[in-house]
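Residues in the sequence shown are numbered consecutively from 50, following this note's numbering.
From the three backbone atoms N, C-alpha and C, an ideal C-beta is built for every residue, glycine too.
Reviewing the structure listed below.
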Amino acid sequence: QVQLVESGGGLVQAGDSLRLSCAFSGRTFSNYHMGWFRQAPGKEREFVAVIRWSGTTDYADSVKGRFTISRDNNKNTVYLQMTSLKPEDTAVYYCVARSIGSSKYDYWGKGTLVTVSS
Numbered sequence: 050q051v052q053l054v055e056s057g058g059g060l061v062q063a064g065d066s067l068r069l070s071c072a073f074s075g076r077t078f079s080n081y082h083m084g085w086f087r088q089a090p091g092k093e094r095e096f097v098a099v100i101r102w103s104g105t106t107d108y109a110d111s112v113k114g115r116f117t118i119s120r121d122n123n124k125n126t127v128y129l130q131m132t133s134l135k136p137e138d139t140a141v142y143y144c145v146a147r148s149i150g151s152s153k154y155d156y157w158g159k160g161t162l163v164t165v166s167s
């Protein structure tokens with residue numbers, strides 16, 4: 050069973066940077082596409098970024114140019130580097146994993162809270 054554990058959330062000011070980490074365990078990390086979703090207070094959960102097993106990436110328009118997703122297959126870890134943070138980036142950020150060939154994200158972490166003050 051895959052386990053995902055996020056870390057790195059916290060309280061920052063607008064314009065600051067923050068890096069989230071997600072530790073993956075239980076299966077072969079390189080066989081999974083990894084991503085991040087977020088859910089702001091009172092809003093639906095939304096896609097943030099994905100990095101596929103091949104290393105290709107996609108981003109939500111709202112974070113493109115500010116956030117960077119990366120993975121370290123030696124450490125079984127995926128990262129989300131967030132820069133130029135805005136108050137509207139305030140949310141619980143969830144790490145997700147999708148096995149190659151699957152059409153949905155099979156595994157979710159418990160989330161880490163990011164709060165951006167103005």
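Check whether the Cβ atoms of residue i and residue j lie closer than 8 Å to each other.
i, j, result
"Ala72", "Thr139", "no"
"Gly57", "Leu162", "no"
"Gly64", "Leu134", "yes"
"Gly84", "Tyr128", "no"
"Ser66", "Thr126", "no"
What residue from the options has the CA that sits closest to residue i's CA?
i, options, result
"Trp102", "Thr161, Phe86, Ser66, Arg120", "Arg120"
"Ser70", "Thr164, Leu60, Asp155, Tyr142", "Tyr142"
"Val51", "Ser152, Gln62, Ser148", "Ser148"
"Arg68", "Leu53, Tyr108, Phe116", "Phe116"
"Val112", "Gly104, Arg87, Tyr81", "Arg87"
"Gly150", "Ala109, Gly160, Tyr81, Thr105", "Tyr81"
"Asn122", "Ala109, Tyr108, Ser152, Ile100", "Ile100"
Per DSSP, residue i forms a beta bridge with which residues?
i, result
"Asp107", "Val99"
"Ile118", "Leu129"
"Ser166", "Gln62"
"Gln52", "Ser74"
"Ala140", "Val163"
Excluding the 5 residues preceding and the 5 following residue i in the sequence, name in chain order all residues of the same chain whose CB lies nearer than 6 Å to its CB.
i, result
"Trp157", "Tyr143, Val145"
"Arg164", "Sequence inspection shows Thr at residue 164; the Arg mentioned does not correspond to that position. For Thr164, where only same-chain residues beyond five positions count, the Cβ hits under 6 Å are Leu60, Thr139."
"Ile118", "Ala98, Ile100, Thr106, Leu129"
"Tyr108", "Ala98"
Taking 8 Å as the CB-CB limit, is residue i close to chain D?
i, result
"Trp102", "Within the model displayed, chain D is absent; a lone protein chain is all it includes."
Looking only at its chain, what residues have a beta carbon closer than 8 Å to the beta carbon of residue i, apart from the 5 residues adjacent to it on each side?
i, result
"Pro136", "Ala63, Val165, Ser166, Ser167"
"Gly104", "Arg120"
Open item on the list: Three Cβ pairs or more, each shorter than 8 Å: is that satisfied between the region 72-81 and the region 93-100?
Closed with: no
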